[in-house]
Amino acid sequence: MTRSELIQLIRDRGSYLCVGLDTDLSRIPAHLQDEEDPIFAFNKEIIDATRDLCVSYKLNTAFYECYGVEGWRALERTVSYIGPGHFLIADAKRGDIGNTSTQYAKAFFERLAFDSVTVAPYMGEDSVRPFLEFPGKWAIVLGLTSNSGASDFELQDVGGELLYERVLRTVSGWGTPDNLMFVVGATQTQAFARVRALVPDHFLLVPGVGAQGGSLAAISEHAATGDVGLLVNVSRDILYADAGRGFASAARARALSYQQEMQPYVDKILQVKNIG
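Positions 22 to 297 (the working numbering) are the ones given, in order, by the sequence shown.
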């Protein structure tokens with residue numbers, strides 16, 4: 022999916038919501054546990070309930086890999102069921118020497134038809150570049166994360182700048198705003214101004230809203246660009262809004278509340294751009 026196509030999706034749906042399909046088998050409602058493929062059965066109902074309210078789905082591969090072949094089958098079925106109308110993120114946090122990264126990129130872009138893969142930048146340019154060489158595909162590079170361990174490395178001073186700042190500044194030169202995004206955690210609101218100073222035009226994937234306590238309003242006010250430039254991911258708060266037979270309806274209600282909060286920002290941002 023190209024940048025212009027993603028922006029058009031945001032405009033059409035009045036939303037920059039990304040639904041995280043980090044499906045935990047232990048939390049799937051009891052009535053689905055006897056399905057032949059309970060993970061897919063759960064995902065299917067979530068997708069049916071939310072597809073008109075979001076522009077993206079993010080599948081954290083760990084929640085599928087842990088079940089071996091059956092998990093990968095559920096992942097493949099889920100990706101196929103979503104289809105081409107959403108920006109699909111493989112949250113795999115890959116990154117290795119060049120020839121290995123190339124194989125990872127082929128797996129997610131050619132075999133599984135994802136639009137993007139999350140990538141860890143620790144090994145440098147040759148570990149990231151293979152993900153940038155597929156037309157219409159994206160690398161989403163870890164920038165500043167929400168976890169407590171972020172302070173161990175990301176917030177350390179490295180010659181007058183913080184490590185995450187160097188990552189953003191350096192990696193942004195490896196790609197363009199058309200094929201490169203950055204992960205910035207929703208709880209890092211104090212850093213959004215600095216992030217946008219370093220990468221003013223790149224899309225940001227922002228996890229941490231909902232169960233982790235991030236503020237959608239703060240993100241929208243301080244990190245949006247003239248093209249919105251945001252994908253705000255919500256996983257548990259939508260997936261597990263209800264533990265019973267009404268889980269899909271509850272998920273839709275929760276997703277709708279996020280979409281309705283996003284709509285005014287989309288209208289304001291894109292209207293101003295059109296006027297300009």
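Every residue, glycine too, gets a C-beta built ideally from N, C-alpha and C.
Query                                                                                                       : Result
Own chain, CB closer than 7 Å to D178, minus 5 neighbours either side, in chain order                       : none
Beta-bridge pairing of D43 - partner residues as DSSP gives them                                            : The partner list for D43 (beta bridge, DSSP) is empty, contrary to what the question assumes.
Collapsed DSSP secondary structure at I110 in the structure displayed                                       : strand
L251 to S122 span [Cα, whole Å]                                                                             : 26 Å
CB-CB length for V227 against G164, believed under 8 Å                                                      : V227 to G164, Cβ: 10 Å. No contact.
Completely contained beta strand (DSSP E) runs for the stretch 71-148, where each covers 3 or more residues : 77-81, 108-115, 137-140
Inter-stretch contact (C-beta, 8 Å, three-pair minimum) for the stretch 57-69 and the stretch 118-132       : no
Per-residue burial, I296 [other beta carbons within 10 Å of its own, 16 or more giving buried]              : With a pLDDT of 43 at I296, under the threshold of 50, the predicted position of this residue should be treated as unreliable, though the coordinate-derived value follows. So I296 ends up on the exposed side.
Rounded separation between L46 and V255 - CA only                                                           : 18 Å
A111 Cβ short of 7 Å to the ligand COA heavy atom set                                                       : The model on display carries no ligand, and the ligand COA is accordingly not part of it.
Own chain residues within Cβ distance below 7 Å of A239, not counting five before or after                  : T210
Nearest neighbour of G247, chosen from L291, G194, Y37, N81 [CA to CA]                                      : L291
Secondary structure of Q281, DSSP reduced to three states                                                   : helix
Proximity below 8 Å, CB of D288 to CB of G35                                                                : yes
Environment of H52 [buried if 16+ CB atoms lie within 10 Å]                                                 : exposed
Best match in I110, R187, Q54 for proximity to V253 [C-alpha to C-alpha]                                    : I110
Where N64 falls: helix, strand or coil (DSSP)                                                               : helix
Start-to-end residues for the beta strand (DSSP E) that takes in F174                                       : Premise fails: F174 lies in the alpha helix (DSSP H), 171-174, not in any beta strand (DSSP E).
Cα-Cα separation between V40 and A126, rounded to whole angstroms                                           : 22 Å
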